[in-house]
Amino acid sequence: MEQTQNLTHDHTARLRKGAFVLIAVIAALYVLAVVYMYVNQRDLLFKPSGVLPEPSAVGLADVEGLSLPMPDGTDLAVWSAPAVAEGAPTVLFFHGQSGNLGDRADRLREILNSGFGLLAPSYRGFPGSDGTPSEAAFVADGLALYDQLSAQGQSVVLHGQSLGTGVAAAVAAQRPDAELLVLEAPFTATVDVAAERYPWLPVSLLMHDKFATRDIIGQIEAPTLIFHGTEDIVVPPHHGTALAEGGEAQLFMIEGGTHNDLWSHGLWQTVKDNLPPQ
Numbered sequence: 008m009e010q011t012q013n014l015t016h017d018h019t020a021r022l023r024k025g026a027f028v029l030i031a032v033i034a035a036l037y038v039l040a041v042v043y044m045y046v047n048q049r050d051l052l053f054k055p056s057g058v059l060p061e062p063s064a065v066g067l068a069d070v071e072g073l074s075l076p077m078p079d080g081t082d083l084a085v086w087s088a089p090a091v092a093e094g095a096p097t098v099l100f101f102h103g104q105s106g107n108l109g110d111r112a113d114r115l116r117e118i119l120n121s122g123f124g125l126l127a128p129s130y131r132g133f134p135g136s137d138g139t140p141s142e143a144a145f146v147a148d149g150l151a152l153y154d155q156l157s158a159q160g161q162s163v164v165l166h167g168q169s170l171g172t173g174v175a176a177a178v179a180a181q182r183p184d185a186e187l188l189v190l191e192a193p194f195t196a197t198v199d200v201a202a203e204r205y206p207w208l209p210v211s212l213l214m215h216d217k218f219a220t221r222d223i224i225g226q227i228e229a230p231t232l233i234f235h236g237t238e239d240i241v242v243p244p245h246h247g248t249a250l251a252e253g254g255e256a257q258l259f260m261i262e263g264g265t266h267n268d269l270w271s272h273g274l275w276q277t278v279k280d281n282l283p284p285q
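In our numbering, the protein residues as written are 8 to 285.
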């Protein structure tokens, strides 16, 4: 009887020890995952790639590639073209999180074919530009570019694509005289998207670059158009709906649209149709 009790006790002790070891391993793996995500978060959020082409190489013969110094001395690559239609505004275009400006040539060509002007920066740390990417730097550069256009007497349409919606919205919140704000496949905040993708991580505590458009959408005075596709799996459509409910914005929910094909569903024509009278 005593021997049986000892065997049971030893078995229970081994189980407890095994459980403690398993918990310790799981905890260690979790900590490693948290540290990895924290250290590499900007590599996961900002994904520049390729070489910035000459505008003419992607069918934008009327666009000039420039290198503009920002207020802190960082040189930024921008693509620029003047408006050719009388009274047409200039579109300050902020692209998405990956690739480079050349990947957006079709969008930019449609803007130019409408007679609008164009100023499209390649973000810091992206092909053609110096510096290191961050939310604060992107917004500061956006404000500087906006002010350059404004100083030239140009009216400005702010257009943000995906990640660029966070930049465009932040600029619009600080420059209420913008002609129009266009948000293409926007998020309420990058931290919200991350929380949905990684519910097991304390992302609100980890993320540096939160791009919290939801917190400023109600402050934006410029007319605002929000475009979102019902089949967007990168940034689910409830983000666009929440932003429209949080501010004075028109929401265009595009049936069957995904994250990157909203222009093929007539986005730009809708923008032109809703541009305030000149």
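A virtual CB, placed ideally from N, CA and C, is assigned to each residue, including glycine. These figures come from a predicted structure and were not determined experimentally.
According to DSSP, is Met-77 part of a helix, a strand, or is it coil?
To locate residue 77, count along the sequence shown from 1; it is residue 70. The answer is coil: DSSP assigns Met-77 none of H, G, I, E or B.
Should Asp-239 go down as buried or exposed, given a rule of 16 or more other Cβ atoms within 10 Å for buried?
Against the sequence shown, residue 239 aligns to sequence position 232. The residue is buried, with at least 16 neighbouring Cβ atoms inside 10 Å.
Which residue comes first and which comes last in the beta strand (DSSP E) that contains Ile-261?
On the sequence shown, residue 261 is found 254 positions in, with the first residue counted as 1. Looking at the DSSP string, the run of the beta strand (DSSP E) that includes Ile-261 is 256-261.
Spatial neighbours of Thr-237 within its chain, please: CB distance less than 8 Å, with the 5 preceding and 5 following residues excluded, ordered by chain position.
The residue you call residue 237 lines up with position 230 of the sequence shown. Here the set comprises Pro-244, Met-260, Ile-261, Glu-262, Gly-263, Gly-264.
Would you give the residue range spanned by the beta strand (DSSP E) that His-235 belongs to?
Taking the first residue of the sequence shown as 1, we reach residue 235 at position 228. Counting along the chain, the beta strand (DSSP E) containing His-235 begins and ends at 231-236.
So what does DSSP say about Val-41, is it helix, strand or coil?
Counted from its first residue, the sequence shown places residue 41 at position 34. Of the three classes helix, strand and coil, the one that applies to Val-41 here is helix, per DSSP.
Exposed or buried, what is Thr-139 when buried is set at 16 or more other beta-carbons lying within 10 Å of its beta-carbon?
Mapped onto the sequence shown, residue 139 falls at position 132. The residue in question, Thr-139, is exposed, as its Cβ has fewer than 16 Cβ neighbours within 10 Å.
As a quick exercise: from Asp-184, Val-32, Tyr-130, Leu-188, pick the residue whose alpha carbon is nearest that of Pro-55.
Here the question's residue 55 lines up with position 48 in the sequence shown. Residue Tyr-130 is the option with its Cα nearest to Pro-55.
Opening and closing residue of the alpha helix (DSSP H) in which Glu-186 lies:
Taking the sequence shown and counting its residues from 1, one reaches residue 186 at position 179. Here Glu-186 belongs to no alpha helix (DSSP H), and DSSP marks it neither H nor E.
Between the alpha carbons of Glu-142 and Asn-120, how many angstroms are there, rounded?
Residue mapping note: residue 142 aligns to position 135 of the sequence shown, counting from 1. Residue mapping note: residue 120 aligns to position 113 of the sequence shown, counting from 1. Approximately 31 Å, taken between the alpha carbons.
Where DSSP assigns a beta bridge to Phe-117, which residues make up the other side?
Here residue 117 refers to the residue found at position 110 of the sequence shown. Looking at the sequence provided, one finds Glu at residue 117 rather than Phe. According to DSSP, Glu-117 bridges with nothing at all.
How is the alpha helix (DSSP H) around Asp-280 delimited, first residue to last?
Counting from one through the sequence shown, the residue named residue 280 turns up at place 273. Asp-280 -> alpha helix (DSSP H) spans 274-280.
Tell me whether the region 83-101 and the region 110-128 touch, counting them as touching only if at least three CB pairs, one residue from each stretch, are closer than 8 Å.
yes
When you compare only the Cα positions, how much space is there between Ser-136 and Ser-74?
Translated into the one-based positions of the sequence shown, residue 136 becomes position 129. Translated into the one-based positions of the sequence shown, residue 74 becomes position 67. The straight-line gap from Cα to Cα measures roughly 8 Å.
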